[in-house]
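Residue numbers (the working numbering): 3 to 698.
Every residue gets a Cβ at the ideal spot worked out from N, C-alpha and C, and that includes glycine.
All figures in this text were calculated on a predicted structure; none of them were measured in a lab.
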């Protein structure tokens, strides 16, 4: 960073340094004030809404201050963002709800190795970090040197014609929309937790902050909003993990000391595996799973029998003048029953699989520090699990690495650098700021697991902390505790924690003041909002600039194009909010699927177009269509809702090589590269023939 005091630094950069220092001081002062207010008796019911309101208002104020209608400022922030600030903005853009909220949960639930159906959390850290190396080496400098505005611009400038740009724009919309749905889901989750409102209303509350940032000022406002959000993300992540490390190990340097807890967790896991109470839990879940399996043999009869039994119980309770709470509970149970046999079959099948998964040692979680699930020297099933887990770990890491190099909203961030050298420096700063947080993610997962195993397990159900009931009300799929063996004591197998809960519940689990819980939620909100801003801008630019105006000549001034982009952004945001309200999936699978789509659609053709002059327009079109088509086909073939709606002949028959659908980029990337290379070879014009001079 430049030395402002020496008088050698540009005044613009010095002014940015001063503003950032004042902002950081203000955030720390606000946290100190809220801590004092909580100590003086400020209710928790006020702390959450205050954090939500003030943080969103700060981001919105930056968006209003950075409003612009100039195309250069709206699309690429005037190409004058210093590398260090571009790195901070990119780190905030990249952290997203997946990295901040879901990644610690993935490491908690899957350990380092993962399970045969889910690759381990370390694959995310390695893949996403390696992707920035590909960005710096293969993509970013070359794109920045071309002075582009969007990623589809590259395909038109490099290959010419309309179709490369149109296909690239459509691919950008598909992968970015998938990504933004995950972010808005995270916004709704956090906003509902902070304010206590319904999930759908929480989505709309958070969406207001997104729109004020991106709608008014485009990339200029988004950049400075993301710098401000990174400060909140950094504090929100490091404070709880440092506190847990200090509480358990006497040092706040969590990445350096958390390894000591791995041995303790291994001892606790061995103890739980031999616990008679834990074995009772396994038997109880297995009994319940088999009950659902029996119901599925005769669905209509089982549904009618269950409905009749519940109605009889309600009549008996009323005849006995039983407690009103018992009658209400039985009535709710009756109302919640499936309405027809098809609904019952779907619900009971899901519950059967869930209970079979819970009817495993350690609640179905793998041992935390295993390299891979299974055993290469064990039984045939253990050897198969080992090979399957290792294969999916490498496949997921590949998709995330290549996908990072192809995500349009991330590539556009480096268009704002002042030069090619500035773009390279921006990537380096991005890695630095991301590494500060990513080094702490495995530490957080380990420290939280030790806290759960050592303190929560063994406590009494009638003395559970208040925060457990609060999170259960937000979404029962995020947290549930059930005394299934009836001993009144919490067993590890009776605890269900969703991946999207681990980070958000860490302060309360560690006994920190509620202000830190508000800060963590604000950090998760900042992570989701920062990424949603960039994604919405990318989608609206692709729809308006690349498809509507780029596909054919239309008369419109640059200012009119910006205005149309703004209103398109509003429509896309509302559509994404509608899809997110349906809760289509957890955050991490959606983001992973988006990376596979981006890797398959963009990277093979982009790299060939940069480094091989022989790549033709027809080859580029074939590569993008083939890569995106193969990846999409493999994913869609394994979506349960679509499998029932489409003819079986159109769907993939099982897993290809045991690879999970979210890693479809393993097939899409080579398919796209091969198609682009072959078609380019076939359509490459012949070299000009030398002219023969005839002598008379």
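### Query
Any idea which residues DSSP pairs residue 120 with across the strands?
Within the chain shown, numbered from 1, the residue matching residue 120 stands at position 118. In the DSSP assignment, the residues bridged to residue 120 are 117.
### Query
What is the rounded straight-line gap between the Cα of residue 55 and the Cα of residue 574?
In the chain shown, counting from the first residue as 1, residue 55 sits at position 53. In the chain shown, counting from the first residue as 1, residue 574 sits at position 572. Going by the C-alpha atoms only, they are around 24 angstroms apart.
### Environment of residue 42 [buried if 16+ CB atoms lie within 10 Å]
Within the chain shown, the letter at position 40 stands for residue 42. Within 10 angstroms of the beta-carbon of residue 42 lie fewer than 16 other beta-carbons, which makes it exposed.
### Stretch-stretch touch, CB-based, cutoff 8 angstroms, three pairs: the region 411-421 with the region 534-546
Between the region 411-421 and the region 534-546, the count of Cβ pairs shorter than 8 angstroms is three or higher; the stretches touch.
### Query
Are there 16 or more other CB atoms within 10 angstroms of the CB of residue 154, so buried, or fewer, so exposed?
Working through the chain shown from its first residue, we reach residue 154 at position 152. It counts as buried.
### Query
Who are the near neighbours of residue 443 in its chain, counting only those whose CB is closer than 6 angstroms to its CB and skipping five residues on each side?
Here residue 443 corresponds to residue number 441 of the chain shown, with the count starting at 1. So the qualifying residues of the chain are 105 and 106.
### Task
Using only alpha-carbon positions, find the residue among 254, 18, 72 and 166 that is nearest to residue 564.
Numbered from its first residue, the chain shown carries residue 564 at position 562. Of the listed residues, the one whose Cα sits closest to residue 564 is 72.
### Query
Any chance the region 149-165 sits against the region 374-390, with 3 or more Cβ pairs inside 8 angstroms?
The region 149-165 is not in contact with the region 374-390.
### Message
Suppose the cutoff is 6 angstroms on Cβ atoms and the five residues either side in sequence are ignored; what does the same chain contact list for residue 128 look like?
### Response
Residue numbering aside, residue 128 sits at position 126 when the chain shown is read from its first letter. Excluding the 5 residues flanking it on each side, residue 128 has same chain C-beta neighbours closer than 6 angstroms at 399, in chain order.
### Message
Can you check which of these residues, 598, 632, 335 and 169, is closest to residue 548 by C-alpha distance?
### Response
What you label residue 548 is simply residue 546 of the chain shown in a count that begins at 1. It is 169.
#### Entry: Distance between residue 660 and residue 394 (C-alpha atoms, nearest Å)
By 1-based counting over the chain shown, the position of residue 394 is 392. By 1-based counting over the chain shown, the position of residue 660 is 658. Roughly 8 angstroms between the two C-alpha positions.
### Between the CA atoms of residue 205 and residue 231 - distance to the nearest angstrom
As a position in the chain shown, residue 231 is number 229, starting the count at 1. As a position in the chain shown, residue 205 is number 203, starting the count at 1. If you draw a straight line from the Cα of residue 231 to the Cα of residue 205, it comes to about 18 angstroms.
### Query
Where residue 336 and residue 318 are concerned, what is the direct C-alpha to C-alpha distance, given to the nearest angstrom?
Position 334 of the chain shown, counting from 1, holds the residue named residue 336. Position 316 of the chain shown, counting from 1, holds the residue named residue 318. Cα-Cα distance, rounded: 14 angstroms.
### Task
Just tell me which of 531, 518 and 460 has its CA closest to the CA of residue 29.
Here residue 29 refers to the residue found at position 27 of the chain shown. The candidate whose alpha carbon is nearest that of residue 29 is 518.
### Query
For the alpha helix (DSSP H) that residue 504 lies in, which residues bound it at each end?
Looking up residue 504 in the chain shown gives position 502. Run containing residue 504: 504-511, per the alpha helix (DSSP H) assignment.
### Query
Roughly how many angstroms separate the alpha carbons of residue 353 and residue 203, rounded to a whole number?
Taking the first residue of the chain shown as position 1, residue 353 is located at position 351. Taking the first residue of the chain shown as position 1, residue 203 is located at position 201. Their Cα atoms are separated by approximately 28 angstroms.
### Task
Quick one: which unbroken alpha helix (DSSP H) runs of 4-plus residues sit fully inside the region 413-495? Chain order, please.
Every alpha helix (DSSP H) stretch that sits fully inside the region 413-495 and reaches 4 residues is listed by chain position as 422-440, 443-453 and 468-476.
### Message
Could you pull the DSSP bridge partners for residue 498 from this structure?
### Response
Within the chain shown, the letter at position 496 stands for residue 498. Residue 498 pairs with 482.
### Sub-8 angstroms separation of residue 122 and residue 113 beta-carbons
For the purposes of this step, residue 122 is taken as the residue at position 120 of the chain shown. For the purposes of this step, residue 113 is taken as the residue at position 111 of the chain shown. Cβ distance < 8 angstroms, so residue 122 and residue 113 count as in contact.
### Query
Roughly how many angstroms separate the alpha carbons of residue 462 and residue 88, rounded to a whole number?
As a first step, residue 462 must be located in the chain shown, where it is residue number 460. As a first step, residue 88 must be located in the chain shown, where it is residue number 86. Between the C-alpha atoms of residue 462 and residue 88 there is a straight-line separation of about 50 angstroms.
### Task
Report the option in 577, 484 and 503 whose CA atom is closest to the CA atom of residue 494.
The residue you call residue 494 lines up with position 492 of the chain shown. By alpha-carbon distance to residue 494, the top candidate from 577, 484 and 503 is 484.
### Task
Would you mind reading off the limits of the alpha helix (DSSP H) that contains residue 362?
As a first step, residue 362 is located in the chain shown; it is residue number 360 there, counting from the start. Annotation: residue 362 is outside any alpha helix (DSSP H) and is labelled neither H nor E by DSSP.
#### Entry: Three-state secondary structure (DSSP) of residue 742
In the structure as shown, the chain starts at 3 and stops at 698, and residue 742 therefore has no counterpart that could be examined.
### Message
Once the 5 residues before and after residue 21 are set aside, which same chain residues still bring their CB inside 6 angstroms of it?
### Response
Translated into positions along the chain shown, residue 21 becomes position 19. If you ignore the 5 residues before and after residue 21, its C-beta comes within less than 6 angstroms of no other C-beta in its own chain.
### Query
Of all the options 405, 222 and 631, which has the alpha carbon lying nearest to the alpha carbon of residue 77?
Sequence index remark: in the chain shown, residue 77 carries index 75 (1-based). The residue from 405, 222 and 631 with its alpha-carbon nearest to that of residue 77 is 222.
### Query
In this structure, does DSSP put residue 245 in helix, strand or coil?
By one-based count along the chain shown, residue 245 stands at place 243. Residue 245: helix per DSSP, three-state reduction.
### Task
Note down, one range per segment and in chain order, each alpha helix (DSSP H) of at least 4 residues found wholly within the region 578-607.
Within the region 578-607, the complete alpha helix (DSSP H) runs of at least 4 residues are 589-603.
### Task
Between the Cα of residue 486 and those of 270, 435, 360 and 522, spot the shortest distance and give me the residue it belongs to.
What you label residue 486 is simply residue 484 of the chain shown in a count that begins at 1. Nearest in C-alpha terms to residue 486, of all of 270, 435, 360 and 522, is 360.
### Query
Where does residue 72 fall in DSSP's three states?
Locating residue 72 in the chain shown gives position 70, where the first residue counts as 1. In the displayed model, residue 72 falls within coil according to three-state DSSP, outside both helix and strand.
### Which of helix, strand or coil DSSP assigns to residue 168
Walking along the chain shown from the start, residue 168 turns up at place 166. In this structure, residue 168 counts as helix in the three-state DSSP scheme.
### Task
Have a look at residue 686 and residue 618 and give me their C-alpha separation to the nearest angstrom.
Translated into the one-based positions of the chain shown, residue 686 becomes position 684. Translated into the one-based positions of the chain shown, residue 618 becomes position 616. Cα to Cα, residue 686 sits roughly 6 angstroms from residue 618.
### Per-residue DSSP class, three states only, for residue 225
Translated into positions along the chain shown, residue 225 becomes position 223. Helix at residue 225.
### Query
Is the beta carbon of residue 466 less than 8 angstroms from the beta carbon of residue 481?
Along the chain shown, one-based indexing puts residue 466 at 464. Along the chain shown, one-based indexing puts residue 481 at 479. Going by beta carbons, residue 466 and residue 481 fall outside the 8 angstroms limit.
#### Entry: Exposure label - residue 322; buried when at least 16 CB within 10 Å
The sequence position of residue 322 within the chain shown is 320, counting from 1. Counting Cβ neighbours within 10 Å, residue 322 comes out exposed, since fewer than 16 surround it.
### Task
Please report how far the alpha carbon of residue 527 lies from the alpha carbon of residue 440, in whole angstroms.
Position 525 of the chain shown holds residue 527. Position 438 of the chain shown holds residue 440. Cα-Cα distance, rounded: 18 angstroms.
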